[in-house]
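Engineer: So the protein sequences, as listed, match chains A and B.
To convert, note that position 125 of the first sequence is 125 in our numbering; the numbers rise steadily by one, no gaps.
To convert, note that position 312 of the second sequence is 312 in our numbering; the numbers rise steadily by one, no gaps.
Here a beta-carbon is modelled for each residue, glycine too, at the ideal position from N, C-alpha and C.
Number of protein chains: 2
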Amino acid sequence: MSTALTDSQLEALRNEIKEQGDEIRRLKESKADPALIKEKVAAMLAKKKLVEGDAAVKPGKFVLKCPKGTRDYGPTAMAIREQVIEIMTDTFKRHGAETIETPVFELRDVLLGKYGEEGGKLVYDLQDQGGELLSMRYDLTVPFARYLAMNKVATMKRYHIARVYRRDQPVMTRGRYREFYQCDFDIAGKYDSMIPEAECLKIMDEVLSALKLGQYVIKLNHRLMLEGMFAVIGANDSQFKSVCASVDKLDKEPWDKVEEELVKERGLTPNAAARLGTFVCFKALHPDLDNGAILDQMMQIPELAANAKFKQGVEEIKLLLTYCAAFGVSSAVEVNPSLARGLDYYTGSIYEAVIPDGLAGVKDEEVGVPVGVGSVAGGGRYDGLVGMFSPKASVPCCGVSFGIERLFALIEAKNASEQQRTTSTQVLVASAQKNLLADRMRLVSQLWSWGVKAEIVYKENPKMLNQLQYAEERAIPFVLIIGEQELKDGVVKLRNTKSRVETNVKLEDLQTSLAQMIATSN
Amino acid sequence: MSTALTDSQLEALRNEIKEQGDEIRRLKESKADPALIKEKVAAMLAKKKLVEGDAAVKPGKFVLKCPKGTRDYGPTAMAIREQVIEIMTDTFKRHGAETIETPVFELRDVLLGKYGEEGGKLVYDLQDQGGELLSMRYDLTVPFARYLAMNKVATMKRYHIARVYRRDQPVMTRGRYREFYQCDFDIAGKYDSMIPEAECLKIMDEVLSALKLGQYVIKLNHRLMLEGMFAVIGANDSQFKSVCASVDKLDKEPWDKVEEELVKERGLTPNAAARLGTFVCFKALHPDLDNGAILDQMMQIPELAANAKFKQGVEEIKLLLTYCAAFGVSSAVEVNPSLARGLDYYTGSIYEAVIPDGLAGVKDEEVGVPVGVGSVAGGGRYDGLVGMFSPKASVPCCGVSFGIERLFALIEAKNASEQQRTTSTQVLVASAQKNLLADRMRLVSQLWSWGVKAEIVYKENPKMLNQLQYAEERAIPFVLIIGEQELKDGVVKLRNTKSRVETNVKLEDLQTSLAQMIATSN
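1. Taking all protein chains shown into account, decide if Ala-154 of chain A is buried (16 or more other Cβ within 10 angstroms of its Cβ) or exposed.
2. When you compare the region 350-357 of chain B with the region 230-246 of chain B, are there three or more beta-carbon pairs, one atom per stretch, that lie closer than 8 Å?
3. For the beta strand (DSSP E) containing Ala-306 of chain A, name the first residue and the last one.
4. If you draw a straight line from the alpha carbon of Thr-423 of chain A to that of Tyr-323 of chain B, how long is it in whole angstroms?
5. At what residues does the alpha helix (DSSP H) containing Glu-352 of chain A begin and finish?
6. Along chain A, which residues have their Cβ under 7 Å away from the Cβ of Glu-23 of chain B?
7. Mind checking Asn-466 of chain B: buried by the 16 CB within 10 Å criterion, or exposed?
8. May I have the straight-line CA-CA distance separating Asn-461 of chain B from Ser-431 of chain B, to the nearest angstrom?
9. For Lys-157 of chain B, is the classification buried or exposed, using 16 other Cβ atoms within 10 angstroms of its Cβ as the cut-off for buried?
10. How would you label Ala-42 of chain B, buried or exposed, when you count the other beta carbons within 10 angstroms and need 16 or more for buried?
11. For Phe-389 of chain B, decide whether its Cβ has a neighbour in chain A, counting only Cβ atoms nearer than 8 Å.
12. Kindly give me the distance between the Cβ atoms of Phe-185 of chain A and Tyr-159 of chain A, rounded to whole angstroms, as I take these residues to be in contact under 8 Å.
13. Among B:Tyr-470, B:Thr-425, B:Lys-463 and B:Ala-438, which one has its Cα closest to the Cα of Trp-448 of chain B?
14. Check whether the region 96-104 of chain A and the region 117-129 of chain A touch, using three or more Cβ-Cβ pairs below 8 Å as the test.
15. Candidates B:Pro-143, B:Pro-67, B:Val-164 and B:Lys-190: which alpha carbon is nearest Pro-143 of chain A's?
16. Going straight from the alpha carbon of Val-505 of chain A to that of Val-63 of chain A, what length do you get?
17. For Leu-514 of chain A, does the three-state DSSP call read helix, strand or coil?
18. Spell out a yes or no on whether the region 78-96 of chain B and the region 203-216 of chain B are touching, meaning 3 or more CB-CB pairs, one atom from each, closer than 8 Å.
19. Report the three-state DSSP secondary structure of Arg-381 of chain B (helix, strand or coil).
20. Measuring only the C-alpha atoms, how far is Ala-235 of chain A from Leu-268 of chain A?
21. Using a threshold of 7 Å, is the CB atom of Arg-406 of chain B nearer than that to any non-hydrogen atom of the ligand SAM?
22. Run through DSSP, which three-state label would Ile-482 of chain B get?
23. Please classify Gln-215 of chain A: is it buried, with 16 or more other beta-carbons within 10 angstroms of its beta-carbon, or exposed?
24. Here's a check: name, in chain order, each residue in its chain whose Cβ is nearer than 7 Å to the Cβ of Leu-27 of chain A, leaving out the five neighbours to either side.
25. Please report the distance separating the alpha-carbon of Asp-33 of chain B from that of Glu-19 of chain B.
26. Who does Arg-176 of chain A pair with in a DSSP beta bridge?
27. Are the CB atoms of Ala-475 of chain A and Gln-419 of chain A nearer to each other than 8 Å?
28. From Tyr-191 of chain A to Leu-320 of chain A, what distance separates their C-alpha atoms?
29. For Pro-477 of chain B and chain A, any beta-carbon pair shorter than 8 Å?
30. State yes or no: is the beta carbon of Gln-20 of chain B nearer than 8 Å to at least one beta carbon in chain A?
31. What are the residues that DSSP puts in a beta bridge with Tyr-159 of chain B?
32. Note down, in chain order, each residue of its chain lying with its Cβ closer than 6 Å to the Cβ of Glu-227 of chain B, except the 5 sequence neighbours on either side.
33. Let me know if Asp-22 of chain A comes out buried or exposed under the rule of 16 or more other beta-carbons within 10 Å of its beta-carbon.
34. Less than 8 Å between CB atoms is the rule here; does Ser-394 of chain A satisfy it with respect to chain B?
35. Would you check if the distance between the CB atom of Ala-326 of chain A and the CB atom of Met-441 of chain B is smaller than 8 Å?
36. If you run the structure through DSSP and keep just helix, strand and coil, what is Glu-418 of chain B?
Structure follows, in structure tokens:
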């Protein structure tokens, strides 16, 4: 006879079964010893029986939870999310951007082949219930390209803040979810070289400075510069992606380790790898050179200077730097030839913002991610994506995507010591005696009509103490108290929740008095 | 040999195949003549061949479209959506509401059995890719109840604006989509009777009046009053839902038709149906009676007065009416015993807002829906839903859901004659001569730092005319023009796009001048 398991025991069992199932599949794939597989299967089946036995004990019982890798955003998380999103949308709107929304799922064919082999495996599919085959969006960039191609839009400056879906292994304690927000700003259209990129960098700078997260650096590189360096050391085109993936680790790992990987796993010769190191570590090796000098000195290397791609990349970045100067963002921008972020669809400049020193006073474990590494925003130019949908009407694009979940976590950690209000109620209308519900209702209606954010408690005859407590718990700055005598005299008592000072206000002066008190309390 | 079909021909064919497939399934289910089925199958297969033949002609070619029943929201639609949503969130926040977000999909078990037989069929399932079985959310109410139960939240006033998913037959020309926004406000918690309901009605009133859609009526009824009426005419409990569904049609159909349906399809006797008519049409039969009088006169009918449920319903509605008076919403509220909206989970008061006369000057076809019928908001009390997830911690709730897609359509139609701006850019920074890009960049940066919404065109040397046209097309109210002479003199030219008046402004006065001009232009 099985005894009923607790919900958490059940969930733990289910997770174990899932993990064992995965392990068995891996063993089968790697053609492991059949005896071992048999043993693992038996162990898993025993656990399954336990769970099913328990289901029989509690029919219809299931664990109340969010789907794996997803979460609810409660009022506190939403309040922080709204602050961050407001800063971003204000910035985008200040730059004249429009916004669009696309369906949360797309025809499967739209997403097919856009995210490489690895990404493709992480796409959520919808069940075939008759009709079209659909998949959940994996990012906001491919739907944007589909939108441009489908609606034959040739120019657009748009932002899009929405959730995307990846069936990745979630690490919720480190902020890695299967459903998470992305915040993208993109400029589509045939324009003069590097002007749209400059505005993307300006926007990164404005958003990060408005978020007050301390020092940040916007690293800048160019795909053509990377291609040039790789050509000079004799790497072939088929190695491009894998070499980039190794080089991209340089913000977390020392060169020695990356070099080893390049030789052992990526197939570079020791000489080629060493040579590449002198290129991609150029900034690290010459930390005192400014952006222009980095480019100039790299161009002093004859093989790089002789490579047409490298040269074009350098010229474009130099132009971009002059625009950065005009936009006043030069001090945040750092040309760094080691930046090699996900180059699958980038065709030109690439950039990434990092907070190198971490957040003052915030420890890694409070954010769930190491605060000193990893990017908080990144992007680049991708001129080929729209053409994948509509070869005749290709639209060049560049853009930036903010790591908004990480930004939420950073702001959350930064504000951890403060009380985070989840409402913006300014006034609680309360009564000191019984039978004044209708009077509270009339007064609160009056306040609403003036645009004042106000509440009453939903009780016919609430106790005074409970009402004051309600205001204190929710940090409602003012309480308006009515009583029979006050109503007769045409006055109300206005109480400051923090100072507990109470003053009588004539009803005819109430609107003005409230407006003043609220203005000074903010 | 097949010739290539156009995309629209292909789509039409695919739709026909889909419809024929559905028909064949229906025929099979109803055990129709096998010869007929065979004929239909042959016709469908012939069409399939055409489509597949075409796919062979254009390998890899697919129709670029949104999934069936979904749409993109372009910049214009989004601008209107933002206006409507801002009015709503302002109202909810004025009333002290918090907001939450839940995952777009839930464990399938969470949704199971919550939407009746019909609703259950319309739920989108995700493919089983290993792991949990998931379904897309069908509304925001069940996820809210799951949230309350899972997090053991006993009181909450929250709003939630997000999209939901129903695999319904879409009628996009009439605004019926498979993916659409819902906007819900709910009050959860054990409170004194009818106070939360009164705030829901107040919020409906404030939102609808702020949207300026003209006259609206908030119909009010009570589930217990309906149950009482049905008991008095001798209908049994099993008939409750189906009789309600017929009665609910009274806002679109005359009583005669509803009566016929009640007798022929719902199994009421002609006498019972006729008697029910005198109850549910009480408001229609006595249009001049006010809300209190309707209730009083119905209570004059001995059988109704003797029914405990009916009596309790009347008493609760009377209490609610006194609160409506205190909140100043009486004139919009109409007690109407014919209101019988989707009663599956409602347990107490129910309400629904309609715009009876349609929108002044707006024709049905402009909105895609008949503007004079159908509800734009509705809700009621549902005390049992949270308990379905957590029997020990049941939380009574009431709320209101706004038909926000219909409201978008109404506002869209109302504003159809005006130019709908999709950005809020206030100033375009332009240059009259060549080689002034860096100057434009410096000036526009200055404007951004002042919080002014401003743009430049992304060209090194744009023509003056093109820049002015850019401002006119986008209704950007001001253009700041710089030239070499102006820069030397420390002035810029400020041009009003509408009046075309140009004035010189000193650079040191620019911030103040711009602030004044922008303030007066709004």
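Structural biologist: Considering the structure as presented:
1. exposed
2. no
3. For Ala-306 of chain A, no beta strand (DSSP E) run applies; the uninterrupted alpha helix (DSSP H) run containing it begins and ends at 302-306, by DSSP.
4. 24 Å
5. That residue, Glu-352 of chain A, is in no alpha helix (DSSP H); its beta strand (DSSP E) goes 349-354.
6. Per Cβ cutoff of 7 Å: no residues; Glu-23 of chain B is ~13 Å from chain A at best.
7. Asn-466 of chain B comes out exposed.
8. 8 Å
9. Lys-157 of chain B sits buried, since 16 or more C-beta atoms from the chains shown fall within 10 Å of its C-beta.
10. exposed
11. yes
12. 5 Å
13. B:Thr-425
14. No: the two stretches stay apart, fewer than three of their Cβ pairs being nearer than 8 Å.
15. B:Pro-67
16. 54 Å
17. Helix, per DSSP.
18. yes
19. strand
20. Distance between the alpha carbons of Ala-235 of chain A and Leu-268 of chain A: 7 Å.
21. Although the ligand SAM was asked about, the structure shown includes no ligands whatsoever.
22. In the structure shown, Ile-482 of chain B sits in a strand (DSSP, three-state: E or B).
23. exposed
24. Leu-36, Ile-37 and Lys-40
25. 19 Å
26. Looking at the DSSP output, Arg-176 of chain A bridges to A:Val-171.
27. Against a cut-off of 8 Å, the Cβ pair of Gln-419 of chain A and Ala-475 of chain A comes out as a contact.
28. 14 Å
29. no
30. no
31. B:Thr-99 and B:Phe-185
32. Lys-309
33. exposed
34. Not an interface residue.
35. yes
36. coil
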